[in-house]
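Colleague: Residue numbers (the numbering used here): 453 to 752.
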């Protein structure tokens, strides 16, 4: 198990090399990741600190071992030719330390600059948030999963937190875990990917950015709870540009079985491939066309 002890304490940053490997379905997930023309290994920083609710999939039972989701992400990298470094230590958010990476990936909750919370790891420094923004807008990538939209709350509409503006949408509650049809509205983002049904803790959102490129759509009329059925279909997975950088978000990722599913792997790999610059896609805004009415949700 390697770690960069010169910059961050070994117990806080874990790069897997066989730490209790989680079984992943045998089929190839290369539909979402293609070999880059240049011989460059993309490096992904997977940040999993919980300042708010601690999700089970990223909870480390032993600080010296990766969590369930962290191990799966690292194993996906090994299978597909990229490198994942998992950390809960916020001190990595400096321009110098971030410069090593091509993409920052969040599975987080709350104000990450706050030292309190269930994860007793160093918080992101006050300057770390701006370091992240500069990293992305300068041409690097950002991937958010599930509760990444339940991070850095505050404000609404044009006064929403800058992090929410970058991400493109904000968590606005959820109901019980239930099955939903997810509709593919941009099949080019992951060729061959088709509509699918999945049981998950599906999020509702507010503060959608007007320049979202919707990839997958939450088909609300297939859901069981009134709080969802009363809404029009809305974005579930999307992409957008942030300056020169690329931002990708999917609300999936709460359940263990979702992390092991082919559908989630394809979605995540397609997001990592694009945000790292490994593949190119047209992410022109399409929010009004594919999810009319979504902008009524306190748009930024």
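Every residue, glycine too, gets a C-beta built ideally from N, C-alpha and C.
Between which two residues does the alpha helix (DSSP H) harbouring residue 529 extend?
Modeller: 520 to 532
Colleague: Measure how close the beta-carbons of residue 657 and residue 622 come, nearest whole angstrom, since I'm counting them as under 8 angstroms.
Modeller: 6 angstroms
Colleague: Tell whether a beta-carbon distance below 8 angstroms holds between residue 529 and residue 536.
Modeller: yes
Colleague: Using DSSP with H/G/I as helix, E/B as strand and the rest coil, what is residue 711?
Modeller: Reduced to three states, the DSSP call for residue 711 is helix.
Colleague: What did DSSP end up calling residue 665 once you bin it into helix, strand or coil?
Modeller: If DSSP states are grouped into helix, strand and coil, residue 665 belongs with the strands.
Colleague: Helix, strand or coil for residue 558? Go by DSSP, reduced to three states.
Modeller: Correct three-state label for residue 558: strand.
Colleague: What would DSSP say about residue 619, mapped onto helix, strand or coil?
Modeller: helix
Colleague: Can you look up residue 613 in the DSSP assignment and give me helix, strand or coil?
Modeller: In the three-state DSSP reduction, residue 613 falls in the coil class, being neither helix nor strand.
Colleague: Can you tell me where the alpha helix (DSSP H) holding residue 547 begins and where it ends?
Modeller: 547 to 550
Colleague: Grab me the residues of residue 693's own chain with a C-beta within less than 8 angstroms of its C-beta, minus the 5 sequence neighbours each way, in chain order.
Modeller: 663, 699 and 735
Colleague: Does the distance from the CB of residue 562 to the CB of residue 569 come in under 8 angstroms?
Modeller: Contact flag set, yes.
Colleague: For residue 505, does the count of other Cβ atoms within 10 angstroms reach 16, so buried, or fall short, so exposed?
Modeller: exposed
Colleague: Under a three-way DSSP split, which group does residue 591 fall into?
Modeller: DSSP places residue 591 outside both helix and strand once states are collapsed to three, so it counts as coil.
Colleague: Where do the N-terminal and C-terminal ends of the beta strand (DSSP E) with residue 633 fall, by residue?
Modeller: In the DSSP annotation of this structure, the continuous segment of the beta strand (DSSP E) that includes residue 633 starts and ends at 630 to 636.
Colleague: Can you name the residues that DSSP bridges to residue 597?
Modeller: Assignment of beta-bridge partners to residue 597 by DSSP yields 702.
Colleague: Pull the bridge partners of residue 692 from the DSSP assignment, please.
Modeller: 699
Colleague: Would you mind working out which of 676, 690 and 501 sits nearest residue 666, comparing C-alpha positions?
Modeller: 690
Colleague: Could you have a look at residue 718 and say whether DSSP puts it in helix, strand or coil?
Modeller: helix
Colleague: Looking at residue 600: is its Cβ nearer than 8 angstroms to the Cβ of residue 559?
Modeller: yes
Colleague: Taking the alpha carbon of residue 573 as the reference point, which residue from 594, 607, 540 and 557 has its own alpha carbon closest?
Modeller: 540
Colleague: Whole angstroms is fine: what's the gap from residue 556's alpha carbon to residue 637's?
Modeller: 25 angstroms
Colleague: Do the CB positions of residue 685 and residue 669 come within less than 8 angstroms of each other?
Modeller: yes
Colleague: From 687, 709 and 729, pick the residue whose C-alpha is nearest to that of residue 744; which is it?
Modeller: 687
Colleague: Mapping the DSSP letters down to three states, classify residue 511 as helix, strand or coil.
Modeller: coil
Colleague: Along the chain, where does the beta strand (DSSP E) that runs through residue 731 open and close?
Modeller: Note, residue 731: premise wrong, no beta strand (DSSP E); not H, not E.
Colleague: Within 10 angstroms of its Cβ, does residue 551 collect 16 or more other Cβ (buried), or is it exposed?
Modeller: exposed
Colleague: How many angstroms separate the CA atom of residue 519 from the CA atom of residue 672?
Modeller: 32 angstroms
Colleague: In the DSSP assignment, the beta strand (DSSP E) including residue 538 goes from what residue to what residue?
Modeller: 535 to 539
Colleague: Note down, in chain order, each residue of its chain lying with its Cβ closer than 7 angstroms to the Cβ of residue 628, except the 5 sequence neighbours on either side.
Modeller: Closer than 7 angstroms at the Cβ level, and outside the excluded window around residue 628, lie 677.
Colleague: How would you label residue 746, buried or exposed, when you count the other beta carbons within 10 angstroms and need 16 or more for buried?
Modeller: Buried, because 16 or more other Cβ atoms sit within 10 Å of the Cβ of residue 746.
Colleague: According to the neighbour-count rule (16 or more other Cβ atoms, all chains shown, within 10 Å of its Cβ), is residue 521 buried or exposed?
Modeller: buried
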